[in-house]
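Working notes for the structure below.
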Amino acid sequence: MIIHLKETVNTELAAQLAKQAQAQYFIREGQTILITSSSNKELPDFLREYTAEHFAMASDIQLASRTYQPATREVTINPGTSPAVATVEQAVKIGGSTNNTLMITGPCSIESWEQIVTCADMLKELGITTLRAGCFKPRTSPYSFQGLGMEGLKMLAQIREEYGFNIITEVRDATHVEAVIEHADIVQIGAKAMYDHGILRTCGEARKPVLLKRHFGATLQELVQAAEFVLSGGNEQVMLCERGIRTFETKTRFTLDLCGVSYLKEHINLPIILDTSHAMGYAYGVPDLTRACVAMGVDGLLIESHPNPKVAKSDAAQQLNLDEFRSLYRSVQSVAEAVGRKVV
Ligand code: PEP
Ligand code: MN
16 MIIHLKETVN TELAAQLAKQ AQAQYFIREG QTILITSSSN KELPDFLREY TAEHFAMASD
76 IQLASRTYQP ATREVTINPG TSPAVATVEQ AVKIGGSTNN TLMITGPCSI ESWEQIVTCA
136 DMLKELGITT LRAGCFKPRT SPYSFQGLGM EGLKMLAQIR EEYGFNIITE VRDATHVEAV
196 IEHADIVQIG AKAMYDHGIL RTCGEARKPV LLKRHFGATL QELVQAAEFV LSGGNEQVML
256 CERGIRTFET KTRFTLDLCG VSYLKEHINL PIILDTSHAM GYAYGVPDLT RACVAMGVDG
316 LLIESHPNPK VAKSDAAQQL NLDEFRSLYR SVQSVAEAVG RKVV
């Protein structure tokens, strides 16, 4: 159950009431919101005099449900708080009343200064403002490239300064979650980290947008419940990312769950970002899949691109080279237009 306390309830009393109700709580514009298990269908008597409004919910998909808040939540990326020198418009909005589809691109991993500058130059040329690159890579083998870590994060911070881009980079584990929150404009929680409650709760305390990737073995219910950890911490800027789930099929790396995307669009109030690169696993399939996703009217796309994918230190097979990306980018414009969307 979601309970909006009256604005006259002070924070001390709110904390006491939350404890008594065994509720998570956060404060939204001066109003305390309590969230208890969805198995509670009746407002407890002791809360009655302090409650402005309450919502009995069908499952523990609560804050993210369109039953609670029908409109897609608006996410504002970098509302001008960064010290970056703007060469492009920095604040980008998706969801809400916008019809924006956010284009996120860049390499799987930042590998060198030269590599990331080449990528950044392409984004600038195309007028794309959101650059991705992983520094802390969640690799399946301990012997593979693990990412440049803090060194990579510092390079991304420098790119942000010089180009004014919004940076998205991933958190792999709790050792660097604060550093990523500090330097990124969007914090990416990787698929394998989706179940890490330490990361989810820390991101819940942050006030930066979070892109939460679906674990390849997670149901939609589990994905959205993971998002509820962040939302109930008071960070209401969460985007969900479908990046393919594991099925019996082995010809492609994962299976992009577009039925799941339809479910999310219908029932969930969080913007949805589609990562076709990790789903497909092979560059040849990425452009077609991406156009299909744009036609579904999604809120964003995440596409891996690299100056020379053949020598990429991670995810080499799936990254588009920069000319392939340019061509894909051109082709999505008309698809977006046909469904009333604007690629930003
Ligand atoms: C990535 O974005 O490079 C990545 C590792 O993705 P995922 O967490 O979806 O595997
Ligand atoms: Mn990758």
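Under this note's numbering, the letters of the sequence shown match residues 16 to 359, in that order.
Glycine is no exception: its CB is placed at the ideal position from the N, C-alpha and C atoms.
How is lysine 34 classed by DSSP in three states: helix, strand or coil? Counted from its first residue, the sequence shown places residue 34 at position 19. If DSSP states are grouped into helix, strand and coil, lysine 34 belongs with the helices.
Across the stretch 142–161 and the stretch 176–186, are there enough close Cβ pairs to call them in contact, namely three or more that are closer than 8 Å? Result yes; three or more Cβ-Cβ pairs closer than 8 Å.
Drop a sphere of 10 angstroms on the beta-carbon of arginine 258, count the other beta-carbons inside from all chains shown, and report buried for 16 or more, exposed for fewer. Sequence index remark: in the sequence shown, residue 258 carries index 243 (1-based). By the 10 Å Cβ count, arginine 258 comes out buried.
With respect to the beta strand (DSSP E) encompassing arginine 258, which residues constitute its N-terminal and C-terminal limits? Looking up residue 258 in the sequence shown gives position 243. Arginine 258 -> no beta strand (DSSP E), and no H or E assigned at all.
Other residues of its chain near alanine 206: CB distance less than 7 Å, five sequence neighbours each side excluded: Counting from 1 along the sequence shown, the entry for residue 206 is found at position 191. The residues are Lys228, Arg229, His230, Phe231 and Arg258.
I want to know whether the stretch 213–221 touches the stretch 261–276 - three or more CB-CB distances under 8 Å. Between the stretch 213–221 and the stretch 261–276 there are fewer than three C-beta pairs closer than 8 Å, too few to call the two in contact.
Please list the segments of the beta strand (DSSP E) lying wholly inside the stretch 114–177, counting only runs of 3 or more residues, in order along the chain. List check, beta strand (DSSP E) in window: 115–121 and 145–147.
Unbroken alpha helix (DSSP H) run spanning lysine 280, endpoints: The residue labelled residue 280 in the question sits at position 265 within the sequence shown. Its alpha helix (DSSP H) spans residues 273–282.
Assuming leucine 337 is part of the alpha helix (DSSP H), what are its boundary residues? Working through the sequence shown from its first residue, we reach residue 337 at position 322. That run of the alpha helix (DSSP H) goes 337–353.
For serine 320, the residue or residues it bridges with in DSSP: The residue you call residue 320 lines up with position 305 of the sequence shown. By DSSP's assignment, serine 320 forms a beta bridge with Leu335.
Range covered by the alpha helix (DSSP H) that runs through valine 107: Residue numbering aside, residue 107 sits at position 92 when the sequence shown is read from its first letter. Premise fails: valine 107 lies in the beta strand (DSSP E), 107–109, not in any alpha helix (DSSP H).
Cα-Cα separation, glutamate 243 to isoleucine 76: Along the sequence shown, one-based indexing puts residue 243 at 228. Along the sequence shown, one-based indexing puts residue 76 at 61. Between glutamate 243 and isoleucine 76, the alpha-carbon positions lie close to 7 Å from each other.
At a cut-off of 7 Å, would you count aspartate 314 as near the ligand MN, judging by its Cβ distance to the nearest heavy atom? Counted from its first residue, the sequence shown places residue 314 at position 299. For aspartate 314, the shortest C-beta to heavy atom distance toward the ligand MN is 7 Å or greater.
Exposure label - glycine 110; buried when at least 16 CB within 10 Å: In the sequence shown, residue 110 corresponds to position 95, counting from 1. Counting every other CB atom within 10 Å of its CB across the protein chains shown gives glycine 110 a total of 16 or more, marking it as buried.
Exposed or buried, leucine 28, counting other C-beta atoms within 10 Å across all chains shown (16 or more means buried)? As a first step, residue 28 must be located in the sequence shown, where it is residue number 13. The residue is exposed, with fewer than 16 neighbouring Cβ atoms inside 10 Å.
Going by the CB atoms, is the gap between cysteine 274 and threonine 291 shorter than 8 Å? Here the question's residue 291 lines up with position 276 in the sequence shown. Here the question's residue 274 lines up with position 259 in the sequence shown. Cβ atoms of threonine 291 and cysteine 274: not closer than 8 Å.
With distance defined between alpha-carbon atoms, name the residue in Ala30, Leu168 and Leu343 nearest to isoleucine 318. Here residue 318 is taken as the residue at index 303 of the sequence shown, counted from 1. Nearest C-alpha to isoleucine 318: Leu343.
Any heavy atom of the ligand MN nearer than 5 Å to the CB - residues listed: My final list is Cys123 and Asp330.
Given 7 Å as the limit, tell me if aspartate 290 has its C-beta closer than that to any heavy atom belonging to the ligand PEP. Position 275 of the sequence shown, counting from 1, holds the residue named residue 290. Indeed, a heavy atom of the ligand PEP lies less than 7 Å from the Cβ.
Below 8 Å on the Cβ atoms is my contact criterion, and I expect alanine 332 with alanine 298 to pass it. Report the Cβ-Cβ distance as a whole number of Å. For the purposes of this step, residue 332 is identified with residue 317 of the sequence shown, where counting begins at 1. For the purposes of this step, residue 298 is identified with residue 283 of the sequence shown, where counting begins at 1. Between alanine 298 and alanine 332 the Cβ distance is about 7 Å, and since that is below 8 Å, they are a contact.
Looking at the strands, I want to know which residues DSSP matches up with lysine 328. Within the sequence shown, numbered from 1, the residue matching residue 328 stands at position 313. According to DSSP, which records beta bridges pairwise, lysine 328 is partnered with nothing at all.
Counterpart residues of glutamate 185 in DSSP-defined beta bridges: Within the sequence shown, numbered from 1, the residue matching residue 185 stands at position 170. Paired residues: Gln203.
Would you decide whether asparagine 115 is buried or exposed? Buried here means 16 or more other CB atoms lie within 10 Å of its CB. Residue numbering aside, residue 115 sits at position 100 when the sequence shown is read from its first letter. Under this definition asparagine 115 is a buried residue.
On the three-state DSSP scale, how would you describe alanine 29? Here residue 29 refers to the residue found at position 14 of the sequence shown. Helix at alanine 29.
Is histidine 293 a contact residue of the ligand PEP, with contact defined as CB to any heavy atom under 7 Å? Working through the sequence shown from its first residue, we reach residue 293 at position 278. Yes; taking the cut-off as 7 Å, the Cβ of histidine 293 has a heavy atom of the ligand PEP nearer than that.
For the candidate residues Gln84, Ile143 and Lys266, whose alpha-carbon lies nearest to that of glutamine 348? Start at 1 with the first residue of the sequence shown, and residue 348 comes out as number 333. Residue Ile143 is the option with its Cα nearest to glutamine 348.
Please classify asparagine 93 as buried or exposed, where buried requires at least 16 neighbouring CB atoms within 10 angstroms. Indexing the sequence shown from 1 puts residue 93 at position 78. The residue in question, asparagine 93, is buried, as its Cβ has 16 or more Cβ neighbours within 10 Å.
Would the beta-carbon of proline 153 be found less than 7 Å away from any heavy atom of the ligand PEP? Position 138 of the sequence shown, counting from 1, holds the residue named residue 153. At least one heavy atom of the ligand PEP sits closer than 7 Å to the Cβ of proline 153.
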